[in-house]
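Participant:
2 protein chains.
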Amino acid sequence: MKSALEKLNRIDRHILRELQADGRITYAALAERVGLTTTPCIERVKRLERDGYIKSYTAAVNPEQLDAGLIVFVQIRLDRTSKQSFEEFKNALIDLPEVQECYLVSGNFDYLVKARLADMAAYRVFLQDTLLSVPGVQGSTSIMVMEVVKETLAIPVPYS
Amino acid sequence: MKSALEKLNRIDRHILRELQADGRITYAALAERVGLTTTPCIERVKRLERDGYIKSYTAAVNPEQLDAGLIVFVQIRLDRTSKQSFEEFKNALIDLPEVQECYLVSGNFDYLVKARLADMAAYRVFLQDTLLSVPGVQGSTSIMVMEVVKETLAIPVPYS
DNA sequence: ACTGAAAGTTCCACAGA
DNA sequence: TCTGTGGAACTTTCAGT
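Structure (structure tokens):
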């Protein structure tokens, strides 16, 4: 079984690195960085997009300045007796703008939710009125983030 | 105290939404979407960048296709007796490419680390040879992600 | 799969309101 | 802070290797 990265040659991996570092780089500048002219460079980028290596491009905005400076992880335990609970919970959660990540995880609880809130007041409202009022939720444990040590979106792509 | 969002007018918030949804949109198209001509639109984007609302632009790549399909959260307990441990730990962690997020958190353990690995074999190596061999680490608990329900980078910016 | 060039867009600085 | 304009830069297509 070939590793996923080996399907991409050195230039493609270089392109992925550059586009992760600067998603708005021009094709002309990108081509120069990876040692191509613009035409084949654009072709490679389009193929990376088509093949799903690049899902989208996005501006990374600063949560601190946008009423979302508080990060909290909430472990949610669901009522396991009904299988319907899981689907209901997912559907309820997926549209909440405060919820940035949600995972089904191993262990004593069922879901791990990462949310961004303005402050503790907003957190209390979110937990009580939103999360805990979803049908099937049995209990929760919150982990408050005191300090962000690292937070990156980048997937490492080796060998320049 | 004015909320952070209220420092931005409707057009600026609209720009932030559009750039989060498509980080490579041309200024011409962005200007049309927000109802401006290109010159003032570019000025607003540059100001949002200067004022730190926009931190960077990035391509979102697919971890599944890049040997990083497995997500694991590791709770790390540190030796609390030495204050030096915290700095050492942070410095050791911050450069690890597998570590996508790292937080100092409240509760029984000290750090919560989110890492992306190729598979369970890579996870075991990472935990033993990398995380647990950092000086000052007393213990760890791992939470394996079974299913990704939601994973977004976007910070909600209300009122179009 | 790449080069180079031509034609069409976009960017961006400047003048003006 | 906006509109409009013109030259430079960039994108994109196409013929050729």
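From first to last, the protein sequence lines are chains W and Z.
Okay, so the first sequence: first residue is 0 according to numbering that gives the first Met the number 0, each after it adds one.
Okay, so the second sequence: first residue is 0 according to numbering that gives the first Met the number 0, each after it adds one.
Just so it is clear, CB atoms sit at the ideal spot from N, CA and C, and this is done for glycine as well.
Hey, L126(W) and V73(W) are a contact pair by Cβ (cut 8 Å); roughly how many whole angstroms apart?
Facilitator: Yes, L126(W) and V73(W) are in contact; Cβ-Cβ is about 7 Å, under 8 Å.
Participant: Answer with buried or exposed for K113(Z), where buried requires no fewer than 16 other C-beta atoms within 10 angstroms of its C-beta.
Facilitator: By the 10 Å Cβ count, K113(Z) comes out buried.
Participant: Between K6(W) and chain Z, is the shortest Cβ-Cβ distance under 9 Å, so that the two count as touching?
Facilitator: By this cut-off, K6(W) is an interface position.
Participant: Bridge partners of I70(W), per DSSP?
Facilitator: I70(W) pairs with R115(W).
Participant: Residues of chain W with a CB under 8 Å from the CB of A121(Z): which are they?
Facilitator: Per Cβ cutoff of 8 Å: no residues; A121(Z) is ~11 Å from chain W at best.
Participant: In whole angstroms, what separates the C-alpha of R12(Z) from that of T38(Z)?
Facilitator: Taking the straight line from one Cα to the other gives about 17 Å.
Participant: Check whether the Cβ of R23(W) lies closer than 9 Å to any Cβ atom in chain Z.
Facilitator: Chain Z contact via Cβ: present.
Participant: For V144(W), I'd like the list of residues in its chain whose CB is within less than 8 Å of its CB, leaving aside the five on either flank, ordered along the chain.
Facilitator: Within the same chain, V144(W) has close Cβ partners L69, I70, V71, F72.
Participant: Counting only the same chain and skipping the five closest in sequence on each side, list residues whose C-beta sits under 6 Å from that of V156(W).
Facilitator: Excluding residues within five positions, the ones whose Cβ falls inside 6 Å are R12, L15, R16.
Participant: Residues in the stretch 41-58 of chain Z with C-beta within 7 Å of chain W's C-beta atoms, listed in sequence order?
Facilitator: Here the close residues are G51, Y52, I53, K54, S55, Y56, T57, A58.
Participant: Establish whether the CB of T37(W) and some CB of chain Z are separated by less than 9 Å.
Facilitator: Output row for T37(W): interface = no.
Participant: Go through its chain and collect everything with a Cβ distance to Y181(Z)'s Cβ below 7 Å, but skip five positions before and after it.
Facilitator: The first residue shown for chain Z is 0 and the last is 159, placing residue 181(Z) beyond what the model contains.
Participant: Rounded to whole angstroms, what is the Cα-Cα separation between L160(Z) and P134(W)?
Facilitator: Absent from the model: residue 160(Z). The displayed extent of chain Z is 0 to 159, so no value can be given.
Participant: Secondary structure at K76(W), three-state DSSP: helix, strand or coil?
Facilitator: The question names Lys, yet the displayed sequence has Arg at residue 76(W). In this structure, R76(W) counts as strand in the three-state DSSP scheme.
Participant: Kindly identify the DSSP beta-bridge partner or partners of V104(W).
Facilitator: Paired residue(s): V144(Z).
Participant: In the DSSP assignment, find the beta strand (DSSP E) that holds T57(W) and state where it starts and stops.
Facilitator: It spans 53-60 - the beta strand (DSSP E) in which T57(W) sits, taken as one unbroken run.
Participant: Would DSSP call E97(Z) helix, strand or coil?
Facilitator: E97(Z): coil per DSSP, three-state reduction.
Participant: Looking at the strands, I want to know which residues DSSP matches up with S139(W).
Facilitator: Its beta-bridge partners are I75(W).
Participant: Output the boundary residues of the alpha helix (DSSP H) element that contains Y158(W).
Facilitator: Run containing Y158(W): none; DSSP gives neither H nor E here.
Participant: Sort out for me which residues DSSP pairs Y110(W) with in a bridge.
Facilitator: Beta-bridge pairing links Y110(W) to I75(W), L103(W).
Participant: With H, G and I counted as helix, E and B as strand and the rest as coil, what does DSSP make of K82(Z)?
Facilitator: Three-state result, K82(Z): coil.
Participant: Below 8 Å on the Cβ atoms is my guess for Q64(W) versus A3(Z); work out the distance and round it to an integer in Å.
Facilitator: About 5 Å separates the two Cβ atoms, so the contact holds.
Participant: So, do the stretch 49-64 of chain Z and the stretch 79-90 of chain Z have three or more beta carbon pairs nearer to each other than 8 Å?
Facilitator: Not touching, per the Cβ criterion.
Participant: Cα-Cα, which of Q19(Z), S132(Z), T129(Z) is closest to A58(Z)?
Facilitator: Out of Q19(Z), S132(Z), T129(Z), Q19(Z) has the C-alpha closest to the C-alpha of A58(Z).
Participant: Can a CB atom of chain W be found closer than 9 Å to the CB of Y158(Z)?
Facilitator: Answer no: the Cβ-Cβ gap between Y158(Z) and chain W never drops below 9 Å.
Participant: Any beta carbon from chain Z within less than 9 Å of E87(W)'s own beta carbon?
Facilitator: Cβ-Cβ to chain Z under 9 Å: no for E87(W).
Participant: Counting only Cβ pairs nearer than 7 Å, list the residues of chain Z close to E100(W).
Facilitator: In chain order: K149, E150.
Participant: Which residues in the same chain have their Cβ closer than 7 Å to the Cβ of I41(Z), if we skip the five residues on either side of it in sequence?
Facilitator: Excluding positions up to five away in sequence, the list reads Y26.
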